[in-house]
Amino acid sequence: MRSTTLTTAWVWSMASVVYWLITLCWPVISPGTKEGVDDLMWYSVALLSLCPPIAVLGARRPGAAAWTWFVILPMLAVLGWPMLTVLGSDLQPGSFQLELPQLIGFTLVLVMGTGNYVGTRYWISACLYAVALCLIVAPLSTVTPASLTPGFARTLGSLAMGAAVIVPSLLPRRSEARDPLDRIWYDFRNLFGLVWSRRLQERINGVAQQREVPVEMTPLGILWKESLSETSRKEAKDKLEQVLRWHLRRFVDAEWIDARMPPPSSPD
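Right under this line is the structure:
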């Protein structure tokens with residue numbers, strides 16, 4: 000996340016992980032906690048876990064900092080409103096429940112955030128992430144079967160979240176020998192997801208067409224429209240690199256791009 004605008008998403012991720020672990024261990028830390036308090040804690044875990052993928056959707060300069068104040072915090076206020084309705088009550092088992100409209104709102108935000116990574120390297124993790132949040136929220140819903148007990152659902156959800164974290168490290172990585180510009184695009188698409196990569200893909204292709212660069216950015220990388228000589232290809236790559244740097248400047252620092260480019264060749 001260093002040298003990118005995903006710092007805010009990373010902070011939300013760390014906060015949600017820490018709070019998830021605290022909530023998971025809370026029955027051991029405080030055995031006498033009422034079930035209603037556990038319900039509130041797990042729902043707040045789910046809300047906090049919505050923040051990282053939603054933060055990615057606003058991770059563009061210069062508005063990345065304002066996204067938290069004008070999108071994420073209002074989202075938490077709206078989705079967290081049901082918790083305020085039970086504060087001050089005796090918090091007996093079943094006192095906090097999510098009605099169907101509230102559950103639909105939560106699900107829509109979840110799909111919007113995790114769906115951004117469908118088709119990327121992290122699509123399996125995104126699916127597991129969504130399943131995990133659904134499982135920890137399901138016991139609070141009025142439409143969930145009674146056979147799905149809170150303890151089982153939350154344990155299964157925690158396992159799914161753990162799998163979401165581990166899976167990317169088990170997947171094979173693309174060869175480091177691939178074209179540097181391809182690698183830049185591949186890494187950007189995987190980090191920022193479909194929403195931003197699709198928008199940049201359209202803009203880069205438009206600029207490339209204006210500058211008569213015979214290249215097209217695709218979800219899988221660079222597609223050369225015609226065969227070029229070595230000299231012409233090098234000139235086209237230089238132009239494409241300039242276009243990439245210009246459009247990526249709102250998301251990553253120059254150091255992030257330089258780290259994926261080959262070192263300059265030393266003069267003979």
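Numbered according to numbering that gives the first Met the number 0, the sequence shown terminates at residue 267, and the numbering increases by one at each position without gaps.
Quick reminder that beta carbons are idealized off the backbone N, C-alpha and C, glycines included.
Straight-line Cα distance separating residue j from residue i
i	j	result
L46	W223	44 Å
F151	A125	21 Å
T22	L158	14 Å
P149	F187	38 Å
P261	P179	7 Å
T3	F250	6 Å
E240	W11	32 Å
V206	A145	57 Å
I28	L20	11 Å
A137	T143	6 Å
A162	G220	28 Å
L193	G35	38 Å
S8	P51	The identity of residue 8 in the sequence shown is Ala, whereas the question assumes Ser. One C-alpha to the other measures close to 4 Å.
I183	L147	44 Å
V77	Q208	44 Å
V44	D252	32 Å
R232	D257	20 Å
R1	R259	14 Å
S226	P213	9 Å
L169	Y185	18 Å
E234	Q200	20 Å
G156	T6	26 Å
C24	R153	12 Å
T230	D181	19 Å
P167	I123	8 Å
Y18	E215	44 Å
E254	L243	14 Å
L301	R60	Residue 301 is absent from the model: the chain starts at 0 and stops at 267.
P26	P171	38 Å
Closest Cα partner of residue i within the set the options
i	options	result
T217	Q209, I203, S228, T230	I203
L56	L78, R197, I123, Y18	R197
G114	D237, W195, T230, L97	W195
T84	M74, E98, I71	E98
K33	R172, F95, Y116	F95
Nearest-angstrom Cβ-Cβ length linking residue i and residue j, presumed shorter than 8 Å
i	j	result
L139	Y42	6 Å
N189	Y121	6 Å
L39	M82	6 Å
A58	F191	7 Å
A131	M111	Going by Cβ atoms, the distance from A131 to M111 rounds to 17 Å, so no, they are not a contact pair.
Residue i classed as buried or exposed, judged by whether at least 16 other C-beta atoms fall within 10 angstroms
i	result
W245	exposed
M273	This structure does not reach residue 273, given that the chain is present from 0 up to 267, and the question cannot be answered.
S48	buried
R210	exposed
G31	exposed
T141	exposed
G62	exposed
I165	exposed
S228	exposed
D237	exposed
L247	buried
L72	exposed
S15	buried
G117	Note that residue 117 is Val in the sequence shown here, rather than Gly. Exposed is the call here.
L86	exposed
* Asked: If you pair each beta-carbon of the stretch 61-68 with each one of the stretch 100-113, do three or more pairs fall below 8 Å?
  -> no
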